[in-house]
Amino acid sequence: MALEDIVRNIKAKATQEVKRIKEEADKEGEEIIKKAREEADKVKTRILYQLESQAKEGKRKLVIRMRSEERKKLLIHKRKLMDEAFRQAKQKLSSLEKAEYLSLMKRSLISNIDSGEEEIIVSPRDEEWMEGNFIKDLRKSLKEAGTTDGVRLSPELEPQKRGFILKKKDVQINCTFSNLFFSLRDELEIEVARRLFS
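Take the sequence shown: its position 13, counted from the start at 1, is 20 in the working numbering, and no numbers get skipped.
Take a look at the structure:
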């Protein structure tokens, strides 16, 4: 075999080896690229899932916050409506006609007076309304109920106040409309809310 044949043979084998190595490298490169794409797809899917979860959580929190704010606004509105209902009721009670007002006062006084020696503190306007026949009728009713008839009027309440304060010795029973509404409001709120909002 001549030297040329040996060189040609080596060249051919080297070319085949280079071709084989190149094919293996291409195949390995394709495999690496395929695995990298698969891994990138997994990472992409995981990131998209996380972003979607975060978006859903953000949306859920936003919805909860918005609902909470709406509930607060609704409660504020309901509170205003209830305040207005109580204000109107108090106003209506305070502006009763004289006969209705005195009838209410008489019933309330009779149910609260126990000795007949109490001082009835009222506004100057109510004192004008109660002097004369009213106080005579009240004393008569108290006497019939078995108490003494020594009750007396005292115009010490502020002029705009309605109702009365019953005073005997060191005890006072505040039956002014503002105090009655204040003390009964908790009890009445549930009923008022039911009537207003159901």
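Think of the CB as a built atom: it goes at the ideal place given N, C-alpha and C, for glycine as much as any other residue.
What three-state label does DSSP hand residue i in the structure shown?
i    : result
I40  : helix
Q95  : helix
I117 : helix
K61  : The question names Lys, but residue 61 is Gln in the sequence shown. Correct three-state label for Q61: helix.
Q167 : coil
Mind checking residue i: buried by the 16 CB within 10 Å criterion, or exposed?
i    : result
R169 : buried
M137 : buried
F171 : buried
D33  : exposed
I120 : buried
L10  : exposed
V14  : exposed
Measure the beta-carbon distance from residue i to residue j and round it to whole angstroms, keeping in mind my assumption that it falls under 8 Å.
i    : j    : result
L145 : K113 : 6 Å
I127 : L100 : That pair is no contact at about 18 Å.
Looking at the secondary structure, which residues open and close the alpha helix (DSSP H) in which residue i lies?
i    : result
V158 : From DSSP, V158 is part of no alpha helix (DSSP H); its letter is neither H nor E.
E151 : N140 to E151
E134 : P131 to M137
L173 : It is not in any alpha helix (DSSP H) - L173 instead sits in the beta strand (DSSP E) that spans G170 to K175.
A7   : Nothing about residue 7 can be reported from this structure: the residues present for the chain run from 8 to 205 only.
Along the chain, where does the beta strand (DSSP E) that runs through residue i open and close?
i    : result
E126 : E126 to I128
Given 8 Å, three or more beta-carbon pairs between the stretch 176-185 and the stretch 65-74: no
Are the stretch 116-133 and the stretch 150-165 touching, with three or more C-beta to C-beta distances below 8 Å? yes
Is the stretch 85-93 touching the stretch 186-204, taking contact as three or more C-beta pairs under 8 Å? yes
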